[in-house]
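Trainee:
Chains as they are written, first to last, in the working numbering: chain A, 457 to 785; chain B, 79 to 357.
What follows is the structure, given as structure tokens:
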């Protein structure tokens, strides 16, 4: 590998040197092409696996795509906006179920992201200073993040079993809090079960990011505040939280997108059909597409979901200055 | 400043409760995996009535766990290597060069992160089937299809983190290498990559865990011979009974490699996040 783009020293001053030599021209072409070549593999793959399928998904949402047309989906008849109007007709069963699922997902996401952030931040702040066993605790706290989703969630599913699970054993047999063993994976309790698993799995990421953010706060700030007579609580309020703001803005956005789109947790916990109280949107769309074999409607729902996420993310990025900087990279 | 007593106590209580919450499923996994079947089928017991390693022997024959394990290793390993190499090139391009479309590229790649997987599951399935029909390359049902899919999942996050990381490597270093006769790629691999090892390890860990834990695409895009652990573990639930002790033993076995690797490398991950995601 040679540097062809380096201008030779003093070449410019040579009399009669009109324009670049051929060797230098290929060098310049190469220099201009290089960044694009570097990005090409990433771009091609993102195109193949994300962008092209997304475009096809949008096309599919305008088709009447049932199992009869799966082999040759191009032949499926056009449906116009039928799939969309079916999905947003909130008086009919399909639309009503979708709206319900959307509200469940919103409530779930707000609670899960909030709790993950809170647990992660409190733990990170408590562990900002060194103490004996800190390294060990940090490793322990990262276990939920490191465990494969299905292994962890299957274990939770076992713990939530009505007859042989740990949760009912503690709540009913040992503490006597309930009259009879409760169902956790069906009925209204399933929302709680899903939330507990989601927070258990998600908070270590918040912990990790906040901990990394805390390392960037200069010690002198705390020292100066201490000299001025600020107590522990005041230091946290006046220094720690404001310094964490840029970190938190990214963290909350990432947690929001991951939680809102989460498929793995409800799928492993409940299977293909989630109970009504915990019917997250991604499972709902999966159910609408793959179980009832109506891909057109499923695609329309997916497109609306994406639009919603784009709008929310857009508003969020505009509201936070960090967003603008992140987009500039 | 010495922390007040109340702070120390609240810290002790909070961290103890949190540790209990975190380790509870780990305890259930471990203790249940050592119980005989009648013990896990009845009421839960904190202390097993008898210990047996039988589940650890049976897991390999109840379902072809070893095969799933190998499949997961191949898929996650290949996806990780490809993802990291591609991310290194892309991040280097973005962090070291000014070019037209740079902003469009970063915004496009980052925004793919927000696509719900369900949105492109079916179209991707159709694309893979069509490519297979047209070229004879079996993408659907094969490991290659899954590898291609998984590597793009971790790519946006990896590129994003590595851009931040590469930017923290002083530009003078690779410029000096180029003056000394390295090409841009020589400078990348001799100077920037070695200086960014923690970030690269962090990204690799992330990519591996993403691929190892993915469920949705694994359940749709694999067949009997290419099935990964994410789908294979379902095999312990039969029509009549769930072998919970075997499920727990298998869960533990498939978790140990990732958790051990992760805990060994977590220092790098934290360092990588500090330089990449936070700045």
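We put the beta carbon where it would ideally sit given N, CA and C, even for glycine.
Roughly how many angstroms separate the alpha carbons of residue 644(A) and residue 734(A), rounded to a whole number?
Mentor: By one-based count along the first chain, residue 644(A) stands at place 188. By one-based count along the first chain, residue 734(A) stands at place 278. If I take the Cα positions, the gap works out to 8 Å.
Trainee: Whose CA, out of 669(A), 572(A), 757(A), lies closest to the CA of residue 653(A)?
Mentor: Looking up residue 653(A) in the first chain gives position 197. If we check each option's Cα against that of residue 653(A), 572(A) comes out closest.
Trainee: First and last residue of the alpha helix (DSSP H) that includes residue 636(A)?
Mentor: Counted from its first residue, the first chain places residue 636(A) at position 180. Per DSSP, residue 636(A) belongs to no alpha helix (DSSP H) and is neither H nor E.
Trainee: Can you check whether the CB of residue 656(A) is closer than 8 Å to the CB of residue 600(A)?
Mentor: Residue mapping note: residue 600(A) aligns to position 144 of the first chain, counting from 1. Residue mapping note: residue 656(A) aligns to position 200 of the first chain, counting from 1. The Cβ atoms of residue 600(A) and residue 656(A) lie closer than 8 Å to each other.
Trainee: Consult DSSP for residue 611(A) and reduce its assignment to one of helix, strand or coil.
Mentor: As a first step, residue 611(A) is located in the first chain; it is residue number 155 there, counting from the start. Three-state DSSP puts residue 611(A) in a helix.
Trainee: List the residues of chain A that residue 83(B) touches, going by C-beta distances under 7 Å, in chain order.
Mentor: Translated into positions along the second chain, residue 83(B) becomes position 5. By Cβ distance, chain A contributes nothing, its closest Cβ being about 11 Å from residue 83(B), past 7 Å.
Trainee: Around the Cβ of residue 649(A), are there at least 16 other Cβ atoms within 10 angstroms (buried) or fewer (exposed)?
Mentor: Numbered from its first residue, the first chain carries residue 649(A) at position 193. Classification of residue 649(A): buried, given that the 10 Å Cβ count is 16 or more.
Trainee: In chain order, what residues of the same chain lie with their CB nearer than 6 Å to the CB of residue 330(B), ignoring the 5 residues before and after it?
Mentor: Translated into the one-based positions of the second chain, residue 330(B) becomes position 252. In chain order, 107, 111 place their CB closer than 6 Å to the CB of residue 330(B), counting only its own chain and leaving out the 5 sequence neighbours on each side.
Trainee: Assign residue 621(A) to one of three DSSP states: helix, strand, or coil.
Mentor: Here residue 621(A) is taken as the residue at index 165 of the first chain, counted from 1. It is coil, neither helix nor strand.
Trainee: Please confirm if the region 259-274 of chain B is in contact with the region 182-198 of chain B, defined as three or more CB-CB distances below 8 Å between the two stretches.
Mentor: no
Trainee: Hey, does residue 95(B) have any beta-carbon neighbour from chain A nearer than 8 Å?
Mentor: Here the question's residue 95(B) lines up with position 17 in the second chain. Not closer than 8 Å to any Cβ of chain A, the Cβ of residue 95(B) fails to qualify, so no.
Trainee: Residue 195(B) to residue 125(B), Cα distance in whole Å?
Mentor: As a working mapping, residue 195(B) is identified with position 117 in the second chain. As a working mapping, residue 125(B) is identified with position 47 in the second chain. Distance between the alpha carbons of residue 195(B) and residue 125(B): 41 Å.
Trainee: In the structure shown, what three-state DSSP assignment does residue 141(B) receive?
Mentor: Along the second chain, one-based indexing puts residue 141(B) at 63. If DSSP states are grouped into helix, strand and coil, residue 141(B) belongs with coil.
Trainee: Taking Cβ-Cβ distances below 8 Å as the criterion, which residues of the region 205-235 of chain B are in contact with chain A?
Mentor: Residues 205, 226, 227, 229, 230, 233, 234.
Trainee: Following the continuous alpha helix (DSSP H) through residue 583(A), name the residue where it begins and the one where it ends.
Mentor: Along the first chain, one-based indexing puts residue 583(A) at 127. Unbroken run through residue 583(A): none, as it is neither H nor E.
Trainee: Just the Cα atoms here: how many angstroms apart are residue 325(B) and residue 713(A)?
Mentor: As a first step, residue 325(B) is located in the second chain; it is residue number 247 there, counting from the start. As a first step, residue 713(A) is located in the first chain; it is residue number 257 there, counting from the start. Approximately 30 Å between the Cα atoms of the pair.
Trainee: Examine chain B for any beta-carbon lying closer than 8 Å to the beta-carbon of residue 720(A), and answer yes or no.
Mentor: Taking the first residue of the first chain as 1, we reach residue 720(A) at position 264. At least one chain B Cβ lies under 8 Å of residue 720(A).
Trainee: Residues of the region 166-180 of chain B in Cβ contact with chain A at a cutoff of 7 Å, in chain order, please.
Mentor: 167, 168, 170, 171, 172, 175, 177
Trainee: Counting only beta-carbon separations shorter than 8 Å, does residue 138(B) have a partner in chain A?
Mentor: Sequence index remark: in the second chain, residue 138(B) carries index 60 (1-based). No, because no Cβ of chain A sits closer than 8 Å to the Cβ of residue 138(B).
Trainee: Quick check: what's the CA-CA separation for residue 165(B) versus residue 143(B)?
Mentor: Working through the second chain from its first residue, we reach residue 165(B) at position 87. Working through the second chain from its first residue, we reach residue 143(B) at position 65. Looking at the two C-alpha atoms, the distance is approximately 32 Å.
Trainee: What does the Cβ neighbour count give for residue 258(B), buried or exposed, with the cut at 16 atoms within 10 Å?
Mentor: In the second chain, the residue the question calls residue 258(B) occupies position 180. Around the beta carbon of residue 258(B), fewer than 16 other beta carbons sit within 10 angstroms, so the residue counts as exposed.
Trainee: Which two residues bound the contiguous alpha helix (DSSP H) that contains residue 231(B)?
Mentor: Within the second chain, residue 231(B) is the residue found at index 153, counting from 1. Residue 231(B) -> alpha helix (DSSP H) spans 221-245.
Trainee: What does the alpha-carbon distance come out to for the pair residue 136(B) and residue 92(B)?
Mentor: Position 58 of the second chain, counting from 1, holds the residue named residue 136(B). Position 14 of the second chain, counting from 1, holds the residue named residue 92(B). Going from the Cα of residue 136(B) to the Cα of residue 92(B) covers about 40 Å.
Trainee: What number of angstroms, rounded off, separates the C-alpha of residue 524(A) from the C-alpha of residue 206(B)?
Mentor: As a first step, residue 524(A) is located in the first chain; it is residue number 68 there, counting from the start. As a first step, residue 206(B) is located in the second chain; it is residue number 128 there, counting from the start. Whole-angstrom Cα-Cα distance: 19 Å.
Trainee: What residues of chain B sit near residue 629(A), judged by a beta carbon separation below 9 Å?
Mentor: Sequence index remark: in the first chain, residue 629(A) carries index 173 (1-based). Correct list: 121, 122.
Trainee: At a Cβ threshold of 8 Å, is residue 495(A) touching chain B?
Mentor: Residue 495(A) sits at position 39 when you count from the first residue of the first chain. Judged by the 8 Å Cβ criterion, residue 495(A) is in contact with chain B.
Trainee: Between the C-alpha atoms of residue 212(B) and residue 504(A), what's the straight-line distance to the nearest angstrom?
Mentor: Sequence index remark: in the second chain, residue 212(B) carries index 134 (1-based). Sequence index remark: in the first chain, residue 504(A) carries index 48 (1-based). In a straight line, the C-alpha of residue 212(B) is about 16 Å away from that of residue 504(A).
Trainee: Which residues in the same chain have their Cβ closer than 8 Å to the Cβ of residue 209(B), if we skip the five residues on either side of it in sequence?
Mentor: What you label residue 209(B) is simply residue 131 of the second chain in a count that begins at 1. Counting only Cβ-Cβ distances below 8 Å, and skipping sequence neighbours, we find 215, 217.
Trainee: Consult DSSP for residue 190(B) and reduce its assignment to one of helix, strand or coil.
Mentor: Within the second chain, numbered from 1, the residue matching residue 190(B) stands at position 112. If DSSP states are grouped into helix, strand and coil, residue 190(B) belongs with the helices.
Trainee: Can you give the beta carbon distance from residue 359(B) to residue 276(B), rounded, assuming they're within the 8 Å contact cut?
Mentor: Nothing can be reported for residue 359(B), as the shown portion of chain B is limited to 79 through 357.
Trainee: Can you give me the Cβ contacts of residue 463(A) inside the same chain, cut-off strictly under 6 Å, excluding the 5 residues immediately before and after it?
Mentor: In the first chain, the residue the question calls residue 463(A) occupies position 7. Because the pLDDT at residue 463(A) is just 43, under 50, the model does not fix this residue reliably, and the point stays unresolved.
Trainee: What are the start and end residues of each continuous alpha helix (DSSP H) run of 4 or more residues lying completely inside the region 238-314 of chain B, in chain order?
Mentor: 249-257, 262-265, 275-291, 294-299, 307-310
Trainee: Alpha carbons only, please: which of 227(B), 243(B), 115(B) is nearest the one belonging to residue 173(B)?
Mentor: Translated into positions along the second chain, residue 173(B) becomes position 95. The option with the nearest alpha carbon to residue 173(B) is 243(B).
Trainee: With DSSP collapsed to three states, give me the class of residue 750(A).
Mentor: Your numbering for residue 750(A) matches position 294 in the first chain. Here residue 750(A) sits in strand by DSSP.
Trainee: What is the DSSP secondary structure of residue 776(A), reduced to helix, strand or coil?
Mentor: As a working mapping, residue 776(A) is identified with position 320 in the first chain. Reduced to three states, the DSSP call for residue 776(A) is coil.
Trainee: Indicate whether at least one CB of chain B lies closer than 8 Å to the CB of residue 625(A).
Mentor: As a working mapping, residue 625(A) is identified with position 169 in the first chain. Chain B contact via Cβ: present.
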